[in-house]
Amino acid sequence: MTGQTLRVVDLEVPRGGRPVLHGVSLDVPSGEITTLLGPNGAGKSTLVLTIGGVLRATSGSVMLGDRDLTKAKPERVRAAGVAVVPEGRRLLPNLSVTDNLRVATYSLPRDEA
1003 MTGQTLRVVD
1013 LEVPRGGRPV
1023 LHGVSLDVPS
1033 GEITTLLGPN
1043 GAGKSTLVLT
1053 IGGVLRATSG
1063 SVMLGDRDLT
1073 KAKPERVRAA
1083 GVAVVPEGRR
1093 LLPNLSVTDN
1103 LRVATYSLPR
1113 DEA
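The opening position of the sequence shown corresponds to residue 1003 in our numbering, with each subsequent residue numbered one higher.
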(Lines of atoms letter the chains of each structure in order from A and count residues from 1; the text may use other names and numbers.)
(Lines give C-alpha, C1' and ligand atoms only; values in the text may rest on other atoms or scores of the structure.)
Protein backbone atom coordinates (compact mmCIF):
# COMPACT_ATOMS: atom_id res chain seq x y z
CA MET A 1 0.00 0.00 0.00
CA THR A 2 3.05 2.25 -0.08
CA GLY A 3 2.38 5.69 -1.53
CA GLN A 4 -1.39 5.31 -1.85
CA THR A 5 -3.63 8.14 -0.74
CA LEU A 6 -7.07 7.39 0.68
CA ARG A 7 -9.30 9.90 -1.10
CA VAL A 8 -12.96 10.58 -0.33
CA VAL A 9 -14.67 12.93 -2.80
CA ASP A 10 -18.13 14.54 -2.47
CA LEU A 11 -19.53 11.65 -0.44
CA GLU A 12 -23.29 11.58 0.15
CA VAL A 13 -24.57 8.99 2.63
CA PRO A 14 -28.07 8.64 4.11
CA ARG A 15 -28.99 6.71 7.25
CA GLY A 16 -32.54 5.92 8.18
CA GLY A 17 -33.75 7.74 5.08
CA ARG A 18 -32.14 11.01 6.18
CA PRO A 19 -28.97 12.57 4.75
CA VAL A 20 -26.06 12.29 7.18
CA LEU A 21 -23.07 13.09 4.98
CA HIS A 22 -23.39 15.70 2.26
CA GLY A 23 -20.44 16.54 0.00
CA VAL A 24 -17.73 15.21 2.34
CA SER A 25 -14.21 15.20 0.89
CA LEU A 26 -11.01 14.07 2.60
CA ASP A 27 -7.48 13.05 1.61
CA VAL A 28 -5.33 10.87 3.86
CA PRO A 29 -1.80 10.50 2.44
CA SER A 30 -0.03 7.19 2.88
CA GLY A 31 1.65 6.91 6.27
CA GLU A 32 -0.42 9.67 7.84
CA ILE A 33 -2.79 9.40 10.79
CA THR A 34 -5.99 11.40 10.56
CA THR A 35 -8.42 12.11 13.38
CA LEU A 36 -12.13 12.84 12.97
CA LEU A 37 -13.50 15.08 15.69
CA GLY A 38 -17.05 16.23 16.23
CA PRO A 39 -20.10 15.95 18.44
CA ASN A 40 -22.41 12.94 18.54
CA GLY A 41 -24.43 12.77 15.36
CA ALA A 42 -21.93 14.70 13.24
CA GLY A 43 -21.34 11.74 10.89
CA LYS A 44 -17.93 10.47 12.05
CA SER A 45 -19.03 6.84 12.33
CA THR A 46 -21.04 7.09 9.12
CA LEU A 47 -17.94 8.30 7.26
CA VAL A 48 -15.70 5.56 8.68
CA LEU A 49 -18.28 2.82 8.04
CA THR A 50 -18.76 4.04 4.48
CA ILE A 51 -15.01 4.06 3.82
CA GLY A 52 -14.89 0.52 5.26
CA GLY A 53 -17.62 -0.73 2.92
CA VAL A 54 -20.20 -1.32 5.66
CA LEU A 55 -22.49 1.52 4.52
CA ARG A 56 -23.21 2.61 0.94
CA ALA A 57 -22.83 6.09 -0.48
CA THR A 58 -25.54 7.39 -2.80
CA SER A 59 -22.94 9.50 -4.61
CA GLY A 60 -19.30 10.46 -4.44
CA SER A 61 -16.30 8.15 -4.30
CA VAL A 62 -13.87 6.39 -2.00
CA MET A 63 -10.50 5.68 -3.63
CA LEU A 64 -7.31 4.06 -2.37
CA GLY A 65 -4.67 5.01 -4.88
CA ASP A 66 -6.23 4.02 -8.21
CA ARG A 67 -8.64 1.48 -6.66
CA ASP A 68 -12.29 2.48 -6.48
CA LEU A 69 -13.65 1.18 -3.17
CA THR A 70 -16.93 3.13 -3.30
CA LYS A 71 -19.13 0.06 -3.77
CA ALA A 72 -16.72 -2.55 -2.42
CA LYS A 73 -17.75 -5.01 0.27
CA PRO A 74 -15.86 -4.83 3.59
CA GLU A 75 -13.77 -7.90 2.69
CA ARG A 76 -12.46 -6.24 -0.47
CA VAL A 77 -11.80 -2.97 1.36
CA ARG A 78 -9.78 -4.86 4.01
CA ALA A 79 -7.87 -6.77 1.31
CA ALA A 80 -6.96 -3.39 -0.21
CA GLY A 81 -5.45 -2.38 3.14
CA VAL A 82 -8.21 -0.42 4.88
CA ALA A 83 -9.68 -1.77 8.12
CA VAL A 84 -12.41 -0.52 10.44
CA VAL A 85 -12.36 -1.50 14.10
CA PRO A 86 -15.58 -0.42 15.82
CA GLU A 87 -15.05 1.66 18.94
CA GLY A 88 -16.81 -0.76 21.28
CA ARG A 89 -14.54 -3.70 20.43
CA ARG A 90 -11.58 -2.54 22.52
CA LEU A 91 -9.53 -5.47 21.31
CA LEU A 92 -6.34 -4.22 22.96
CA PRO A 93 -7.50 -1.62 25.51
CA ASN A 94 -4.19 -1.52 27.40
CA LEU A 95 -2.20 -0.45 24.34
CA SER A 96 -1.70 3.10 23.15
CA VAL A 97 -3.22 4.30 19.88
CA THR A 98 0.20 3.97 18.23
CA ASP A 99 0.64 0.40 19.49
CA ASN A 100 -2.86 -0.56 18.33
CA LEU A 101 -1.99 0.80 14.87
CA ARG A 102 1.24 -1.21 14.86
CA VAL A 103 -0.65 -4.38 15.74
CA ALA A 104 -3.02 -3.71 12.84
CA THR A 105 -0.07 -3.83 10.41
CA TYR A 106 1.34 -7.19 11.56
CA SER A 107 -0.43 -9.08 8.77
CA LEU A 108 1.04 -6.80 6.10
CA PRO A 109 4.34 -7.51 4.35
CA ARG A 110 7.16 -5.62 6.09
CA ASP A 111 7.60 -3.12 3.22
CA GLU A 112 3.90 -2.16 3.47
CA ALA A 113 3.66 -1.85 7.27
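Ideal Cβ placement from N, Cα and C applies to all residues, glycine included.
Note that the C-beta distance between residue 1007 and residue 1030 is below 8 Å. Using a Cβ distance threshold of 8 Å, residue 1054 and residue 1086 count as a contacting pair. In the assembly as shown, residue 1052 is a buried residue. Its beta-carbon has 16 or more other beta-carbons within 10 Å.
The continuous beta strand (DSSP E) containing residue 1014 extends over residues 1008 to 1017. Going by DSSP, residue 1050 is part of the alpha helix (DSSP H) stretching over 1046 to 1053. DSSP places residue 1029 in the strand class (E or B) of the three-state scheme. Under DSSP, residue 1058 shares a beta bridge with no residue. DSSP places residue 1079 in the uninterrupted alpha helix (DSSP H) bounded by 1076 to 1082.
Between the beta-carbon of residue 1023 and that of residue 1039 there is about 15 Å, and that puts the pair past the 8 Å contact cut. In this structure, residue 1076 places its C-beta atom within 8 Å of the C-beta atom of residue 1056. Straight-line measurement puts the Cα of residue 1019 at about 35 Å from the Cα of residue 1102. When rounded, the separation of the alpha-carbon atoms in residue 1009 and residue 1097 is 28 Å.
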